[in-house]
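Line order of the protein sequences matches chains A and B.
The letter at position 412 of the first sequence is residue 411 when you use numbering that gives the first Met the number 0, and the numbering goes up by one with no holes.
The letter at position 329 of the second sequence is residue 328 when you use numbering that gives the first Met the number 0, and the numbering goes up by one with no holes.
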Amino acid sequence: MLRRNQLLCLSAAFMFCSGAVAQQVKFTEFDLPNGLHVILHQDKTAPVVAVSVMYHVGSKNEMVGRTGFAHFFEHLLFEGTENIKRGEFMKVVSSNGGQNNANTSQDRTFYYELFPSNQLELGLWLESERMLHPVINEIGVKTQNEVVKEEKRLRVDNQPYSKIVSEIFKRLFIDHPYGWQPIGSMEDLDAAKLEEFQNFFKKYYVPNNAVLTIAGDIEVEATRALVTKYFSAVPKGAPVNYKRVEEKTIAKSIVDTAYDANIQLPAIITAYRVPGMTSKDSKTLGLISSILSQGASSMLYKKMVDEKKNALAVQALNFSLEDYGVYITFALPNNNTALDTLLKDIDDEIKVLKTDLISEADYRKLMNQFENNYVTTNSRVLGVAENLADGYTFYNKNTGNINNELKEVRAITREDIREAAKKYLNTEKRVVLYYLPAK
Amino acid sequence: MRTILLCMIAAAVYTQSFAQVDRSKPPKAGPAPIIKIDNPVITKLPNGITVLVVENHKLPKISATYSIDMGPITEGDKAGVLSLMGGMLGEGTTVRSKAAFDQAVDKIGADVNLSAGGGFASALTRYFDSAFILMAEAIKKPSFENDAFEKLKGQTLTGLKANEKSVTAVAGRVTNALSYGLNHPAGEFETEESINNIALGDVKQAYGKFITPSRGYLTFVGDITPAKAQALAAMAFSTWKGAPLSLEKLTMVANPAKTEINLVDMPNAVQSEISVTNLISLPMSSADYFPVLVANQILGGGAESKLFMTLREKRGFTYGAYSSVGGGRNQTDFTASASVRNAKTDSAVLEFLNEIKSMRTNKVSDQELREVKAKYNGNFALGLENPARVAAFASDILINNLPQDFYRTYLQKINAVTADDVLRVANKYFNYDDTRIVVTGKAAEIEEGLKNLGFAVNKFDKFAKPVTEEANAAPVATVDAKTVIANYIKVIGGADELKKVTSYTVNMGMSMQGMTLDVQQKKMAPNMEMMEIKMGTNVVNKTMFDGTTGYEMQMGQKKEMTAEAIAEKKAQSSLFEQVDYLTNKYTIKTIGTEKVDGKPATKLLITLPNGKTQTEYYDVTSSLLLKVEKDEVTNGTSVSNTVEFGDYKKVGNVLFPYLQKVTISAGGQEQSFEMKVTEVKLNEGVTTADFK
Numbered sequence: 000m001l002r003r004n005q006l007l008c009l010s011a012a013f014m015f016c017s018g019a020v021a022q023q024v025k026f027t028e029f030d031l032p033n034g035l036h037v038i039l040h041q042d043k044t045a046p047v048v049a050v051s052v053m054y055h056v057g058s059k060n061e062m063v064g065r066t067g068f069a070h071f072f073e074h075l076l077f078e079g080t081e082n083i084k085r086g087e088f089m090k091v092v093s094s095n096g097g098q099n100n101a102n103t104s105q106d107r108t109f110y111y112e113l114f115p116s117n118q119l120e121l122g123l124w125l126e127s128e129r130m131l132h133p134v135i136n137e138i139g140v141k142t143q144n145e146v147v148k149e150e151k152r153l154r155v156d157n158q159p160y161s162k163i164v165s166e167i168f169k170r171l172f173i174d175h176p177y178g179w180q181p182i183g184s185m186e187d188l189d190a191a192k193l194e195e196f197q198n199f200f201k202k203y204y205v206p207n208n209a210v211l212t213i214a215g216d217i218e219v220e221a222t223r224a225l226v227t228k229y230f231s232a233v234p235k236g237a238p239v240n241y242k243r244v245e246e247k248t249i250a251k252s253i254v255d256t257a258y259d260a261n262i263q264l265p266a267i268i269t270a271y272r273v274p275g276m277t278s279k280d281s282k283t284l285g286l287i288s289s290i291l292s293q294g295a296s297s298m299l300y301k302k303m304v305d306e307k308k309n310a311l312a313v314q315a316l317n318f319s320l321e322d323y324g325v326y327i328t329f330a331l332p333n334n335n336t337a338l339d340t341l342l343k344d345i346d347d348e349i350k351v352l353k354t355d356l357i358s359e360a361d362y363r364k365l366m367n368q369f370e371n372n373y374v375t376t377n378s379r380v381l382g383v384a385e386n387l388a389d390g391y392t393f394y395n396k397n398t399g400n401i402n403n404e405l406k407e408v409r410a411i412t413r414e415d416i417r418e419a420a421k422k423y424l425n426t427e428k429r430v431v432l433y434y435l436p437a438k
Numbered sequence: 000m001r002t003i004l005l006c007m008i009a010a011a012v013y014t015q016s017f018a019q020v021d022r023s024k025p026p027k028a029g030p031a032p033i034i035k036i037d038n039p040v041i042t043k044l045p046n047g048i049t050v051l052v053v054e055n056h057k058l059p060k061i062s063a064t065y066s067i068d069m070g071p072i073t074e075g076d077k078a079g080v081l082s083l084m085g086g087m088l089g090e091g092t093t094v095r096s097k098a099a100f101d102q103a104v105d106k107i108g109a110d111v112n113l114s115a116g117g118g119f120a121s122a123l124t125r126y127f128d129s130a131f132i133l134m135a136e137a138i139k140k141p142s143f144e145n146d147a148f149e150k151l152k153g154q155t156l157t158g159l160k161a162n163e164k165s166v167t168a169v170a171g172r173v174t175n176a177l178s179y180g181l182n183h184p185a186g187e188f189e190t191e192e193s194i195n196n197i198a199l200g201d202v203k204q205a206y207g208k209f210i211t212p213s214r215g216y217l218t219f220v221g222d223i224t225p226a227k228a229q230a231l232a233a234m235a236f237s238t239w240k241g242a243p244l245s246l247e248k249l250t251m252v253a254n255p256a257k258t259e260i261n262l263v264d265m266p267n268a269v270q271s272e273i274s275v276t277n278l279i280s281l282p283m284s285s286a287d288y289f290p291v292l293v294a295n296q297i298l299g300g301g302a303e304s305k306l307f308m309t310l311r312e313k314r315g316f317t318y319g320a321y322s323s324v325g326g327g328r329n330q331t332d333f334t335a336s337a338s339v340r341n342a343k344t345d346s347a348v349l350e351f352l353n354e355i356k357s358m359r360t361n362k363v364s365d366q367e368l369r370e371v372k373a374k375y376n377g378n379f380a381l382g383l384e385n386p387a388r389v390a391a392f393a394s395d396i397l398i399n400n401l402p403q404d405f406y407r408t409y410l411q412k413i414n415a416v417t418a419d420d421v422l423r424v425a426n427k428y429f430n431y432d433d434t435r436i437v438v439t440g441k442a443a444e445i446e447e448g449l450k451n452l453g454f455a456v457n458k459f460d461k462f463a464k465p466v467t468e469e470a471n472a473a474p475v476a477t478v479d480a481k482t483v484i485a486n487y488i489k490v491i492g493g494a495d496e497l498k499k500v501t502s503y504t505v506n507m508g509m510s511m512q513g514m515t516l517d518v519q520q521k522k523m524a525p526n527m528e529m530m531e532i533k534m535g536t537n538v539v540n541k542t543m544f545d546g547t548t549g550y551e552m553q554m555g556q557k558k559e560m561t562a563e564a565i566a567e568k569k570a571q572s573s574l575f576e577q578v579d580y581l582t583n584k585y586t587i588k589t590i591g592t593e594k595v596d597g598k599p600a601t602k603l604l605i606t607l608p609n610g611k612t613q614t615e616y617y618d619v620t621s622s623l624l625l626k627v628e629k630d631e632v633t634n635g636t637s638v639s640n641t642v643e644f645g646d647y648k649k650v651g652n653v654l655f656p657y658l659q660k661v662t663i664s665a666g667g668q669e670q671s672f673e674m675k676v677t678e679v680k681l682n683e684g685v686t687t688a689d690f691k
């Protein structure tokens, strides 16, 4: 049922770290006694309300041998609750004029409903039912197991270039759970017992590990009352403890090949392990990807697609996550250009960034591009809800983090950019992947 | 004081309502929100451009779209010219080069895109004027340089190539081509040939004809006042002139007289793409428009619709099955479609037809009708979050000549649809006895089942051309196999000359998946041979046979040659295997004639001494070997191996093919690469030491 690709398409990953609005986003926040953190944002421009819950659980909370649980729950928690019959959850949403979905990353799972604003209470009922007493039984597990397999076939096994992210991550993360993808292993899911799923729910899907964010055409005080009405009954859970695993540094560049039966054109990929999303360097690396590949005047696009015409596409992006980030470059050849030629062209430009400061004009361009993206990503209430929840979940409970982001990025200097390129884009400590058509 | 009061009220509400939470059923909706659709401000420039402005100050951003209502256009043997023309608008102007243009756009962090239909510009409020002016400049003054044209053409060709084996891409274009016909704008498609047909002059001509103020709509949305937007529009466009534009008159296309299946064979398909489709005429102003929307939604509009429930939830044939329908000035289509696994293709076709029939026979229930209407009402409200929606409503009204209140009364009209309306329009627009079923998939696995359904099954190729069984046969008299081989030996140099060759070395270059590899092959009489493939200085693969034994080495892993393979090698007594074909160790026979790459060829079946067979094709005209095909079983999977030969050149007194195209296919996947010979040396420098 999940419609967004959890493996995050490359460009979506780029957007992930840059979302926020230019004006100050106002909000109200409070905790219920059971530990549920609640964020309310009023915006009456359209008769729409987004009701969302972000659980701070993703694939990195899973164990070796039992991967894919967080994503599996994204399916399981649509199965039904004590008051919602099996298969009715989505029907209730659509037959009341709403839309709903969920997505899972390595770090968190995000569930939401989007309704005309007169259905706010319905949204709260649905999300509280799911948190209070979902039905997790054999039949649900069995059904969703099949659906998840179909999903993997359709979205991973059958899609061109869809294995890139997993091929990169498994080489960059040996000890850290980022080594596997949210979709997980089908064998693990087959082997898991019902009890294990129930225990996973009890451990992570508790109010004290969740943020409820409501954004849109609402009255703040009335909404506060409704939230209390529906969510107070959910019992508090044990505190969630997560211990970050430290990866050993990469001793020597890893050069490898991977094969994809769904492609005709090969690709050349490089990937570097970099710091996680809360660090300043992560933002700097985001800027570096703009310098390299955002817009037709960017270094790589201009040189390879327009001038040398040896690439059909080229992209750099900083895939930022909570514990670490992954910096990726990707190119598709045009006119049968050798992959090594593309690799050299990309490396040459990165070398320039490590040596020279970018020009003042390029720096201003970068800041304008950032601001433009920043303004756009929160044009819808659902985006605002997710960004506020991100702030609380990942940025040390700073719900208003998005309001500072522009200021923080403007504080990054040209020297910071050069230093970050030098420090993190080390060609001796990376993965180079020749991604080739399978026979 | 007021806040405290509010808190007290809230607290009171909380205690009271908490006590009465009834979780057993969904809470009731509040009063329906008032949906208000503001009218954009509409004005006209003297040259005919309509300017629409939707003022919305939520974000400090403005966007502008220029779109030309040119309608569908027949491109004929130059299909793709419009899309190339659109691409060329982004390749620099007479005022500035592409690099300078891109720099100007990126410098202000803006987005400016151009296409055959017009242009789009979006930027932060403070930079919007510059972005807008850049868009206007690209529309009015493209530079049309040849270099850029060749680049875009090359990219288009690479893109076409990348999609060659995409089942969904082929299914999409063939379905349209069969429905509308290859000479209709909705049916024609780009091919390598049509792209190569296009010259820069054609692009310029298309520009002159279609990029014009005539039938143009300029829409501003965002943080801008109408007065400011109109002033910008006037400044950039009011003096612009262009050709008057009128819509192409399209002839009506008929549906099949009787339901038929159109089968397109894609041997690599693991799923069949099925479309059940018929053409319809449904202007948005038609009284049937809203009933058709509702009927389609019930049949296949979403995951709670009939098609999805039957084909996925009940039968498990597919991940999703849907139907779609469009309204408009020209003919459009009703299409129900799904990707279905091979084995269930015929059953799925039947289920599609059953569901269509049921829509035509049975009245939908009140509940179905109610739920669909609720969904439309909700989605309409949700859509209003996007301010551009309001602008789209306004231009829809203008283009389709609809009443002013079309969207303001949209939900009223949806809510007025009855079960009788749905039944009536299902019969009128969802064909059953006269529909077209297009199936793109692996014919070897699905054709039999489809034929059993009782409909005519017509086959088409990947370009929507009819396929008949005889199409591949060449009308040439068959020739005795021994003569064919004798002729071949004669043309490549003659038996005596071949006998004089006791050893040779062939150096080849090969480009595979973007990597460049060097290949060296050495042979020495009677049957010693060696082949080495290198990437740079690394040996990737080496095979060797020294006359009695051999091995294969891949990435440093050595595998001894099997007894069977040794026997096969030992059977050879000449460096040119055809010489051995004439001995009694081999059986050869002619099994037909067939075209290879357009050339008529004699097809021979060669049985090797170990019983294995391969098929070889010899050119009827030149007698040269054109192609060899063989199937092998490796690790339990069947691998078919095809080598095509060409570019024969004389080395000493013997002809060698300088071009070899190898295609390997297995498990539905296929891969091919070309080897180009750089050098052939006869009787020079090869010793037995080379075969170790």
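Even glycine gets a Cβ: it sits at the ideal position worked out from N, Cα and C.
Apply the 10 Å Cβ neighbour rule to residue i and answer buried if 16 or more other Cβ atoms are within range, or exposed otherwise.
i: LYS691/B; result: exposed
i: VAL20/A; result: Annotation note: pLDDT 36 at VAL20/A (below 50); position unreliable, coordinate value reported separately. Buried.
i: VAL63/A; result: exposed
i: ARG363/A; result: exposed
i: MET134/B; result: buried
i: VAL173/B; result: buried
Over what stretch of residues does the alpha helix (DSSP H) that includes residue i continue unbroken?
i: GLN197/A; result: 193 to 203
i: ASP345/B; result: 344 to 360
The beta strand (DSSP E) spanning residue i covers which residue range?
i: TYR431/B; result: No beta strand (DSSP E) holds TYR431/B; DSSP gives it neither H nor E.
i: ASN540/B; result: 537 to 544
i: GLY591/B; result: 586 to 595
i: GLY117/B; result: 117 to 123
i: PRO225/B; result: Counting along the chain, PRO225/B falls outside any beta strand (DSSP E), though it belongs to the alpha helix (DSSP H) covering 225 to 236.
i: ASN261/B; result: 259 to 264
i: THR601/B; result: 598 to 606
Below 6 Å CB to CB, which residues in the same chain sit around residue i once its five sequence neighbours on both sides are set aside?
i: ASN506/B; result: GLN519, THR677, GLU678
i: LEU264/B; result: The sequence shown places Asp at residue 264/B, rather than the Leu named in the question. Cβ within range, chain order: ALA442.
i: PHE114/A; result: VAL48, GLY97, GLY122
i: THR49/B; result: LYS43, TYR216
What in chain B is Cβ-close to residue i, meaning under 7 Å?
i: LEU113/A; result: LEU381
i: LYS90/A; result: GLU303
i: TYR160/A; result: Residues of chain B passing the Cβ test: none, with the nearest at roughly 11 Å.
Less than 8 Å between the CB atoms is what I'm expecting for residue i and residue j, so what's the real figure, rounded?
i: ARG272/A; j: LEU171/A; result: 5 Å
i: VAL500/B; j: VAL653/B; result: 6 Å
i: ASP259/A; j: LYS162/A; result: 6 Å
Tell me which same chain residues have a C-beta within less than 8 Å of the C-beta of residue i, skipping the five on either side of it?
i: ALA103/B; result: ARG95, SER129, LEU133
Run through chain B and tell me which residues come within less than 8 Å of residue i, C-beta to C-beta.
i: ARG272/A; result: Simply none; closest approach about 26 Å.
i: TRP124/A; result: ARG22, PRO25, PRO26
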